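What follows is a single structure, written as structure tokens, with notes after it.
Protein chains: 2
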Amino acid sequence: MSESIPAGAAPRYQQIAEALIRDIERSRYAVGALLPPEPALSQHYGVSRHTVREAIRRLADMGLVSRQQGIGTRVKAKSAAQRYVAGLSDLAELMQYTQRTTLKLIGERRLQADAALASLLRCRAGQPWIEFETCRYPAAGREPISHTRIYVLPEYEGIRDELKGSVWVYGLIEKRGGEKIVEVQQEIGGAAIPAHAARLLQVKPRSPGMMVTRYYLGRRERLLSVSVNYYPENRFKLSTRWRLEWDGAKA
Amino acid sequence: MSESIPAGAAPRYQQIAEALIRDIERSRYAVGALLPPEPALSQHYGVSRHTVREAIRRLADMGLVSRQQGIGTRVKAKSAAQRYVAGLSDLAELMQYTQRTTLKLIGERRLQADAALASLLRCRAGQPWIEFETCRYPAAGREPISHTRIYVLPEYEGIRDELKGSVWVYGLIEKRGGEKIVEVQQEIGGAAIPAHAARLLQVKPRSPGMMVTRYYLGRRERLLSVSVNYYPENRFKLSTRWRLEWDGAKA
DNA sequence: AAGTGGTCTAGACCACCGA
DNA sequence: CGGTGGTCTAGACCACTTA
Chain L
1 MSESIPAGAA
11 PRYQQIAEAL
21 IRDIERSRYA
31 VGALLPPEPA
41 LSQHYGVSRH
51 TVREAIRRLA
61 DMGLVSRQQG
71 IGTRVKAKSA
81 AQRYVAGLSD
91 LAELMQYTQR
101 TTLKLIGERR
111 LQADAALASL
121 LRCRAGQPWI
131 EFETCRYPAA
141 GREPISHTRI
151 YVLPEYEGIR
161 DELKGSVWVY
171 GLIEKRGGEK
181 IVEVQQEIGG
191 AAIPAHAARL
201 LQVKPRSPGM
211 MVTRYYLGRR
221 ERLLSVSVNY
231 YPENRFKLST
241 RWRLEWDGAK
251 A
Chain U
1001 MSESIPAGAA
1011 PRYQQIAEAL
1021 IRDIERSRYA
1031 VGALLPPEPA
1041 LSQHYGVSRH
1051 TVREAIRRLA
1061 DMGLVSRQQG
1071 IGTRVKAKSA
1081 AQRYVAGLSD
1091 LAELMQYTQR
1101 TTLKLIGERR
1111 LQADAALASL
1121 LRCRAGQPWI
1131 EFETCRYPAA
1141 GREPISHTRI
1151 YVLPEYEGIR
1161 DELKGSVWVY
1171 GLIEKRGGEK
1181 IVEVQQEIGG
1191 AAIPAHAARL
1201 LQVKPRSPGM
1211 MVTRYYLGRR
1221 ERLLSVSVNY
1231 YPENRFKLST
1241 RWRLEWDGAK
1251 A
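Just so you know, the sequences run in chain order L and U.
Residues in the first sequence are numbered consecutively from 1, following our numbering.
Residues in the second sequence are numbered consecutively from 1001, following our numbering.
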């Protein structure tokens, strides 16, 4: 072959990828069905098998097809699902204290969840927890940014000794138990600051604020820790950037 | 070459990929530096250039290196950064009104940003906007969930006619202008509900609530729309799930 | 002009699957 | 067994960057 390609034209494999995508969208190749084998495509488009494979690789990256040795290339979806994603390189970004902050340990107690706490912590009543009460301060200022109750499994009791300073609880859990935090569920709502927290935060009871509850889960959905945070008005903002991304995370 | 590979051994390109990863981790190739050119690697490992490219492709998929035609392959990171990601298949999930809700248009006006508004909307003073004031209601109940001021570029004035019902503004923008929303920046903080919004939300002025500001951006960071939302306490919670994912999103 | 990565060919053998 | 995708070779020309 080796026909000269017009300048500015897309590479051959990309043209073929586009052709295949069109064929999938127009249901020439139905979802669940097999694409023609690579040698057939290679002959049909008059290119080498390598070029066809390059095209199919694009489709696979987009999640449109999946390949299986010995079987073939199966159509998995009619169109590349676009989605918006947000990413964190580190869990510390979740809290977004860009400036240095200090964690102050106010108190600690062992307890068993009563009905109310069990509901908040999504566990069964009677479940034993250790509760750390903390406030977080900016390095320079005096007013605390937040009041936080941290609940951890009793087996992580020892983290108390390392809790001082600007360390993050989940880091301590990962360091000690060796259990990795695989998922964090975060709930945010407006809330009046309860009297006890208000005192520590130096605001009036029932002042407006934000309540953030975070559930830290390990492998197999195991709940390792829960934190309940109160942020008074105007001291802290949570921000998140959602970006459109093509399935497969290609730049 | 074509030495027989021991059964069960990893493919050659994978072995080479692992060797390169080791070399990067051990700083034989520093972050920011260039990997040796493909022909050199091909000769060094005694494989074809294709095989080397397959290995480097793995590294690129993991975000360890980036390639640039005419320049070379540059090391971008020492290790495949694990990260936590959250995904939305649709922007509607950002708002998370699981039940059906209705948008009620309260008012509309054209305006030019004064200093305060310009700061909020991150634009220059004098920039013309159209402001829609809306409340969102659950289907059955009476109390509104939220009060929202939506700012859009004047060119999208026409979306007013479609704003009624439970439609989402960004959908209208995409439908009309053809401009795609590529990024959404979201800021959340606790806030007292201002008097005007409080009246519509049927709460007392300065009651605790949550303020959510969302910036909708198109291609090239172009700001298309901004929404300022107030949610009273206990009527709505934002929840997000962050999951650990390996860079490159390879299963 | 020289060197880089990007694309492409025409072969080959292999591991895996279903009949 | 024949056919699938997976790996690999030994070439080739091209587009792009730097000098």
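Even glycine gets a Cβ: it sits at the ideal position worked out from N, Cα and C.
These figures come from a predicted structure and were not determined experimentally.
- Setting aside the 5 residues that flank it on each side, U:Phe1132 is surrounded in the same chain by Glu1108 and Ile1150, each with a C-beta closer than 6 Å to its C-beta; the list follows chain order.
- Within the same chain, Cβ atoms closer than 8 Å to the Cβ of U:Val1075 are found at Ile1024, Tyr1029, Ala1030, Val1031, Gly1032, Ala1033, Leu1034, Leu1035, Leu1064 and Val1065, the five residues on either side in sequence being excluded.
- Non-local beta-carbon contacts of L:Val226 in its own chain, meaning distances under 6 Å to residues more than five positions away in sequence, involve Leu121, Tyr151 and Tyr215 in chain order.
- Scanning chain L for C-beta atoms nearer than 8 Å to the C-beta of U:Pro1232 yields Gly190, reported in chain order.
- In the structure shown, L:Val228 falls within a strand segment according to DSSP collapsed to helix, strand and coil.
- Judged by DSSP secondary structure, U:Pro1208 falls within the beta strand (DSSP E) whose first and last residues are Pro1208 to Leu1217.
- Counting C-beta pairs with one atom in each stretch, the region 1232 to 1240 of chain U and the region 1202 to 1221 of chain U have three or more that are closer than 8 Å, which means they touch.
- If you look at U:Glu1143, you'll find it isn't in any alpha helix (DSSP H); DSSP assigns it neither H nor E.
- When Cβ-Cβ separations below 9 Å define contact, L:Ser48 makes no contact with chain U.
- Using beta-carbon distances, U:Ser1227 does not count as an interface residue toward chain L, since no partner is under 9 Å.
- Within 10 angstroms of the beta-carbon of U:Arg1142 lie fewer than 16 other beta-carbons, which makes it exposed.
- Listed as beta-bridge partners of U:Lys1104 by DSSP are U:Cys1135.
- Scanning the region 1016 to 1061 of chain U for uninterrupted alpha helix (DSSP H) segments of 4 residues or longer gives 1038 to 1045 and 1049 to 1061, listed from N- to C-terminal end.
- Closer than 9 Å at the C-beta level to chain L, one finds these residues of the region 1186 to 1211 of chain U: Gln1186, Glu1187, Ile1188, Gly1189, Gly1190, Ala1191, Ala1192, Ile1193, Arg1206, Ser1207, Pro1208, Gly1209, Met1210 and Met1211.
- The contact set of L:Arg142 on chain U, defined by CB atoms closer than 8 Å, is empty, because the minimum CB distance reaches about 20 Å.
- L:Pro144 counts as buried, since at least 16 other C-beta atoms from the protein chains shown sit within 10 angstroms of its C-beta.
- DSSP lists L:Val212 and U:Leu1238 as the bridge partner or partners of L:Ile188.
- Among the CB atoms of chain U, one or more fall inside 9 Å of the CB of L:Arg243.
- Cβ atoms of L:Glu183 and L:Leu217 come within 8 Å of each other, at about 4 Å.
- Among the residues of chain L, those whose CB is under 7 Å from the CB of U:Leu1088 are Arg83, Tyr84 and Trp242, following chain order.
- Here U:Arg1122 carries a coil assignment [DSSP, helix/strand/coil].
- With respect to U:Cys1123, U:Ala1116 sits apart: the two C-beta atoms are not nearer than 9 Å.
- Looking at the backbone, the Cα of U:Ser1146 and that of U:Asp1090 are separated by about 20 Å.
- Between the region 182 to 197 of chain L and the region 1010 to 1027 of chain U, the count of Cβ pairs shorter than 8 Å is below three; the stretches do not touch.
- Per DSSP, the unbroken alpha helix (DSSP H) holding U:Leu1201 starts and ends at Ala1195 to Leu1201.
- Contact of U:Leu1120 with chain L is not assigned, every C-beta pair being separated by 9 Å or more.
- Per the C-alpha coordinates, the member of U:His1044, U:Glu1038 and U:Gly1046 positioned closest to U:Ile1056 is U:Glu1038.
- Under the criterion of beta carbons closer than 8 Å, L:Arg67 and L:Ala60 qualify as touching, at roughly 6 Å.
- Sequence-distant partners of L:Arg26 (beyond 5 residues in either direction) whose C-beta falls short of 6 Å from its own C-beta are missing from its chain.
- Within 10 angstroms of the beta-carbon of U:Glu1157 lie fewer than 16 other beta-carbons, which makes it exposed.
- In the three-state reduction of the DSSP assignment, L:Glu179 falls in the coil class.
- The residues Leu1034, Leu1035 and Pro1037, in chain order, have a CB closer than 7 Å to that of U:Gly1072 in the same chain once the five nearest residues on each side in sequence are set aside.
- The three-state secondary structure of L:Glu245, taken from DSSP, is strand.
- In terms of beta-carbon proximity, U:Val1075 stays away from the interface with chain L, with every pair separated by 9 Å or more.
- The straight-line gap separating the alpha-carbon atoms of U:Val1203 and U:Tyr1230 is approximately 12 Å.
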